[in-house]
Every structure is written in C-alpha cells, then in structure tokens.
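Take any residue in the sequence shown, count from 1 to its spot, add 608: that is its number in the working numbering.
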Amino acid sequence: MFVEHNLIKNIKIFTLAFTLTVVLIQLSRFISPLAIIHSSYIFLAWMPLCVMLSILFIFGWRGVVPVLCGMFCTNLWNFHLSFLQTAVMLGSQTFVVLCACAILRWQLGTRWRYGLTSRYVWQRLFWLGLVTPIGIKCSMYLVGSFFDFPLKISTFFGDADAIFTVVDLLSLFTAVLIYNMLFYYLTRMIVSPHFAQILWRRDIAPSLGKEKRAFTLSWLAALSVLLLLLCTPYENDFIAGY
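The structure is reproduced here in structure tokens:
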C-alpha cells in the first residue's frame, strides 16, 4: 500500500510538472521579446530558461524528467526536427542547467532551493547567472560543429555573425537575471494557491492600503505607459549602438 501510494504521488507530480513545463515554455516563447539581425530572428530574452529553472526550484530532482520530456516535446513541435536533432538540441539546452543545479545542491545542501532572494545569492548568481548561460552557448556551438540544423535555427549553433552571438548570449543572461523570479512566483502560485494567498496578504495587500494606494496605482500606471511605449511594434533598422 505504501509503495502504491508513493507511485501514485510520483505520477501526479510528474504529470503536473510536465504539464506546467510544456504550457509555460510555449507561453514564454510567445512573450519573449524578439529582434531581427541580418534577416534572422533572435530572442532578446530567452525565457524558456526561466521556466526550466522554476520547475527545478519548485520540484527539485523530481522536476528533472518532466523538464527533459517537456523541452523535448516543445522542441519537436516548434522546429519539426528529426528525433536525433531534437535529442541533441535538448542536451545542449539542459545539460549545463542540470549540472549547475547539481553543483548548487552539493555546495548548499538540501535547502539550495529555498530563500532564493535572501540566502546564498552570490552562489546562485555565479552558477545560474554566469556559468549556465556561457555553458549553454558553448554547448550549442559544440553541437553545431557536429550536427546540421535547419536554416531557421542554424544561427543559434554557430553559423552567425559576432553581433548575433553577442545578443544571443545576452538573451540568456537577461532571462536568468531579470525574468527568472517572475516565472518562479507564477509557477509556485499555480502549484500552491495557498502560497498565492500568503503572497497577496504579505507583499501586495499592504501596498494597496489607504496610505499607499495612490502611490502604487500611479506607479503601475506610469510603468504600463512606459512598457506600452517601449514594446509597441515598429520598424527600425538595427544599429551598432545596440
């Protein structure tokens, strides 16, 4: 009975983590900002990396297989690659991420996933914010030297100008340093509605109190206008001053 209960529990966790991975990766690809450099599309922030880290932070080692399966399915769906190409691409995207998380687990112990913004911040910034992006890009270059990919994505595997490579690497840094916690809190609130209630009462509701309401609403309005101006689609030639 105990073994059967654990099996059912693990199946539920896998199903939840896999579903979240697939849905959020598709969402993150949709909302990731894009640019065009030499007629090739490139992400300015590759947010699927945030999704992978969020799932691993929340589910721990139980999230490894769902992340691998979810990334494999989304790569297969979005790029229409062969099985071998999809597997190789998956390895270049996830191997360094899993290694960095394993090193953090070894260095910080079992609570490496807790207190993300208050404890061991510099270790996480080094392994996840510096080593991981560089490692992913190096892995993709290594893979690109042995395997051929469709023209649509071949620029990400080394067949590109230097400025394309620089922007591509910056997109990985940007994703981890700016958007990671956004996806972490979103994913955690989906997994645990109780956490959403605590977050609302502890961090959001006080900002909407009588004394701070006007400031908060004004700040949100100004931020919305700024984002609207900056994110409105328009035609603009790429310049070297990027």
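Even for Gly, the Cβ is constructed at its ideal location relative to N, Cα and C.
Assigned secondary structure, residue i (DSSP; H/G/I helix, E/B strand, else coil)
{"i": "Tyr722", "result": "coil"}
{"i": "Ala768", "result": "coil"}
{"i": "Ala653", "result": "coil"}
{"i": "Ser662", "result": "helix"}
{"i": "Ser648", "result": "strand"}
{"i": "Ile847", "result": "Because Ile847 carries a pLDDT of 47, less than 50, the predicted location of this residue cannot be relied on, and the following value inherits that uncertainty. DSSP places Ile847 in coil when its eight states are reduced to three."}
Boundaries of the beta strand (DSSP E) in which residue i is found, first to last residue
{"i": "Ala710", "result": "Run containing Ala710: none in the beta strand (DSSP E); it sits in the alpha helix (DSSP H), Phe691 to Leu716."}
{"i": "Ile742", "result": "No beta strand (DSSP E) holds Ile742; the alpha helix (DSSP H) holding it covers Thr740 to Gly752."}
Opening and closing residue of the alpha helix (DSSP H) in which residue i lies
{"i": "Ile806", "result": "Pro801 to Leu807"}
{"i": "Trp857", "result": "Residue 857 falls outside the range modelled here, since the chain spans only 609 to 850, and no answer is possible."}
{"i": "Leu759", "result": "Leu759 to Ser762"}
{"i": "Leu684", "result": "Val672 to Phe687"}
Integer-rounded CB distance, given that residue j should sit under 8 Å from residue i
{"i": "Leu724", "j": "Arg713", "result": "Not really, about 14 Å apart at Cβ, beyond 8 Å."}
{"i": "Phe687", "j": "Ile633", "result": "Their Cβ separation, rounded to whole angstroms, is 13 Å, which puts Phe687 and Ile633 out of contact at 8 Å."}
{"i": "Val630", "j": "Thr694", "result": "In fact, because the Cβ distance is near 14 Å, the residues do not count as touching under 8 Å."}
{"i": "Leu834", "j": "Thr824", "result": "The pair is not a contact, with the Cβ atoms about 16 Å apart (cut-off 8 Å)."}
{"i": "Met655", "j": "Ile644", "result": "Contact flag wrong, Cβ pair sits at about 18 Å."}
{"i": "Ile711", "j": "Trp735", "result": "6 Å"}
{"i": "Gly737", "j": "Leu785", "result": "5 Å"}
At a cut of 8 Å, does the segment 690 to 703 reach the segment 718 to 736 through at least three beta carbon pairs?
-> Three or more Cβ pairs closer than 8 Å define a contact, and the segment 690 to 703 falls short of that threshold against the segment 718 to 736.
Any chance the segment 735 to 743 sits against the segment 753 to 765, with 3 or more Cβ pairs inside 8 Å?
-> Not touching, per the Cβ criterion.
Three or more C-beta pairs closer than 8 Å, one from the segment 663 to 677 and one from the segment 620 to 633: is that the case here?
-> Yes, since at least three Cβ pairs between the segment 663 to 677 and the segment 620 to 633 fall closer than 8 Å, the two stretches touch.
Would you call the segment 658 to 668 and the segment 778 to 796 in contact, with 3 or more CB pairs under 8 Å?
-> As far as the Cβ criterion goes, the segment 658 to 668 touches the segment 778 to 796, which means the pair count is three or higher.
Would you say the segment 765 to 781 touches the segment 648 to 658, given that touching needs at least three Cβ pairs under 8 Å?
-> Result yes; three or more Cβ-Cβ pairs closer than 8 Å.
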